[in-house]
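To keep things clear, I will list the structure first and then write my remarks on it.
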Amino acid sequence: MRPIRLFFERFSEQYFPDCFKEYAELLTWDSYWHTILDSSNPPFWKWFVGGRLNACYNCVDRHLATRHNEAALIWVPEPEGETTQAITYQELYQQVNEFAAVLREFCGVETGDRVTFHLPMVPQLPVAMLACARLGAIHSEVFGGFSGAACGDRAADATSHVLVTMDGYYRNGQLVDHKAKADEAVATAHERGHEIDKVLVWRRHPGSYGSQSPMVEGRDFFVDELLAEQRGKVVDPVSMPAEAPLFLMYTSGTTARPKGCQHSTGGYLAYVAGTSKYYQDIHPDDTYWCCADIGWITGHSYIVYGPLALGTTSVMYEGAPAYPDPGRVWRIAERLGVSIFHTAPTTIRMLRKLGPDEPGKYHYRFKHMTTVGEPIEPEVWRWYYETAGKREAAIVDTWWQTENGGFLGSTLPALQPMKPGSCGPGVLGIYPVIYDEDGNTVEAGSGQAGNICIRNPWPGIFQTIWGQPERFVETYYQKYCRDPESKDWHDWPYFAGDGAVQAADGYFRILGRVDDVINVAGHRLGTKELESASLTVEEIAEAAAVPVVDELRGRAVEMYVSLKPGLKPSKDIEDRVAQAIDREIGKIARPKNVWVVTDMPKTRSGKIMRRVIASISNFGDVGDVSTLANPEIVDDIRHHIQSDK
Ligand code: WTA
């Protein structure tokens, strides 16, 4: 065995990019790569070029010899009366093969085709992901809480002809009718000029249909009936080039059109396997629980691909963390013997608020706990460490993004000191830097905030925005590119879109988004998406979405809208704006308040000053407003919201 510190030194900058061989060697390759990093066409990096592998084989087949009877997934349904399901690697193998056969034989899905899922937290979701991976088809899961319209939009963007959904699922004690959203998705895609031909519907309770939405003849099919024809089928995993896309994950940006982040097979899988091993500290004998949704990148990387690539047991929970009471999470941990727990600050804040003493009532022992998605406040961190972790677990804060595949900033558990509120230094093989607006390096310990960037490419970085390569270059690389003609990766730092401060010890504190994205409860929402949704209400002339501080969710959205001439404000209009956001994006985006204002603060060129509105909303100092075209509106708005709040 190599001494652990010596091993980690192999990731110091002088060994880049060869250090990432350590991650790639965690996988089983059909043929080895000849070039570890091809950076000849910046910023379209290629990792492990010449290598071939199959992601499903790596997450399932290769574990059969030693772990076929061990649980790959443990699924906890929300209703406590329903039995928890353990799915062994052998069973997972069989289910994935049969569903891959349905996709290929019945739907005609071929290597490279996109398949959209709109699935909740059920084991059918990882089965469907792995079935696509087996075929070399590209999956695109849309978070179950998103609306049908948002799903249809994304399916049209990806030109998926197959949509996989479920009749219903449990959330907060309710059986949610989910299939209805598929009908909306098909209709929205049609409006965008794209046809979804087949809708595959899993049934939450086998044999009974839990949705009010009628099955459409020739379009909608029950998956259990299709599976009956594929019993016992085995589909050979397709050997894919390392650079073949594995999946798309849509996220919000500065325009209303969402970005389909395209992740690779070899680089991505190597990166999530490596970071799961060293940062989540996962060993095959662990029972690991990432309490997040697979509909987000966290779930893709750290519920499905990373843990299964390492052959561990990954727990999935269907429902709301505090249902039916705030002890639920800790009860699950006790019953299943969870050893590693991963979740978002939003969940921690909620569990702390609703049941501050609940962890003490349950006999679980975590060796390790991690958080992701938002900055964690030091007092929340302390509760996580002292009460939830019982002072026994190492706490690791992980900073990264949908675009990155895996962690960027974090600490090695038990090896690097924990520091509440800071994510830590760059992770192995990642060299972050803070630049000011002019591209000068902001020194560690200067106390000055700036834009956090990554100086080097890494295997988990996304390959492009699906169908929008110019937007990819422009959004992430243009800002700090030193020379657009340069073929040297040193000239192409990655711009993350987050503000940060680096302390003298090298640890980074992430301050939040510097672009038009609002992070609500760890979910990224684009201000443009929210504004476009508001503008679907006929009376609305202009709309601005701003973040406000929220005790539980970290940030919440407030909408400011102005009406077309001659119209009067009303409660009804406010309600319809909120409903439009539900319909176009989903309930997670529902604004905390909708304010109907007479006008927006604007620059002389007519640009809405969201920054000024956000300051008013948060009762902050608006700064100098003398350059506004209409400075008097500031007091108007302030008066309006103060009289109401
Ligand atoms: C924020 C989630 C502080 C950040 C994996 C980033 C964080 C955005 C942290 C990405 C953290 C994520 N501390 N802020 N540990 N992790 N963020 O794409 O603003 O859903 O840009 O990926 O969340 O959100 P996304």
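In UniProt numbering, the protein residues as written are 1 to 645.
Cβ atoms here follow ideal geometry from the backbone N, Cα and C, with glycine treated the same way.
All of these numbers come straight from a predicted model, not from anything done at the bench.
- Ala545 carries a strand assignment under DSSP once its states are collapsed to helix, strand and coil.
- Per DSSP, reduced to three states, the secondary structure at Ala72 is strand.
- Distances between the C-beta of Asn593 and the heavy atoms of the ligand WTA are all 8 Å or more.
- Counting C-beta pairs with one atom in each stretch, the segment 367-381 and the segment 429-446 have fewer than three that are closer than 8 Å, which means they do not touch.
- In this structure, Thr536 keeps its C-beta atom at 9 Å or more from the C-beta atom of Glu574.
- In this structure, Tyr305 lies near Tyr268, with their beta-carbon atoms less than 9 Å apart.
- For Ile434, the shortest C-beta to heavy atom distance toward the ligand WTA is 8 Å or greater.
- Checking the 8 Å criterion, the Cβ of Ile395 is out of range of every heavy atom belonging to the ligand WTA.
- A direct Cα-to-Cα measurement between His640 and Arg513 gives close to 28 Å.
- A Cβ-Cβ distance of about 10 Å is found for the pair Val223 and Val199, leaving them out of contact under the 8 Å criterion.
- Leaving aside the five residues that flank Arg471 on each side, the residues in its chain whose CB is nearer than 6 Å to its CB run, in chain order, Ile465.
- Linking Arg67 to Val109 through their CA atoms gives a straight-line distance of about 30 Å.
- By the Cβ criterion, the segment 109-121 is in contact with the segment 131-148, since at least three pairs of Cβ atoms, one from each stretch, lie closer than 8 Å.
- A distance below 9 Å separates the beta carbons of Ile294 and Leu125.
- Membership of Asp38 in the beta strand (DSSP E) is indicated by the continuous run 35-38.
- Using a Cβ distance threshold of 9 Å, Tyr507 and Tyr494 do not count as a contacting pair.
- Distance from Gly526 to Ser252 at the Cβ level is roughly 3 Å; contact confirmed, criterion being Cβ atoms closer than 8 Å.
- For Lys353, the enclosing alpha helix (DSSP H) has its first and last residue at 345-354.
- In this structure Val164 is buried. Its beta-carbon is surrounded by 16 or more other beta-carbon atoms within 10 angstroms.
- Between Leu130 and Val102, the C-beta gap is not smaller than 9 Å, which leaves the two residues out of contact.
- The beta carbons of Glu403 and Cys261 sit closer together than 9 Å.
- With three or more CB-CB distances shorter than 8 Å, the segment 564-571 counts as touching the segment 538-545.
- Per DSSP, Ile430 lies in no beta strand (DSSP E) and is assigned neither H nor E.
- Ile585 sits in coil when the DSSP states are folded into three classes, being neither helix nor strand.
- Here His363 really is in contact with Glu334; their C-beta atoms are around 5 Å apart, less than 8 Å.
- Look at Tyr57 here: in three-state DSSP terms it is helix.
- Beta-bridge analysis with DSSP links Ile196 to no other residue.
- Taken through DSSP and simplified to helix, strand or coil, Lys259 comes out as strand.
- Using a Cβ distance threshold of 9 Å, Phe366 and Ala322 do not count as a contacting pair.
- Per DSSP, the continuous beta strand (DSSP E) segment holding Cys290 begins and ends at 287-290.
- Between the C-alpha atoms of Arg257 and Pro631 there is a straight-line separation of about 32 Å.
- Residues Thr441, Val442, Gly450, Asn451, Cys453, Tyr480 of the same chain have their beta carbon placed closer than 7 Å to that of Tyr435, with the five preceding and five following residues left out of the count.
- The criterion of a C-beta distance shorter than 9 Å is not satisfied by Trp458 and Tyr278.
- For the segment 517-543, the continuous beta strand (DSSP E) assignments of 3+ residues that do not extend past its boundaries occur at 517-520, 523-526, in sequence order.
- Membership of Asn593 in the beta strand (DSSP E) is indicated by the continuous run 593-596.
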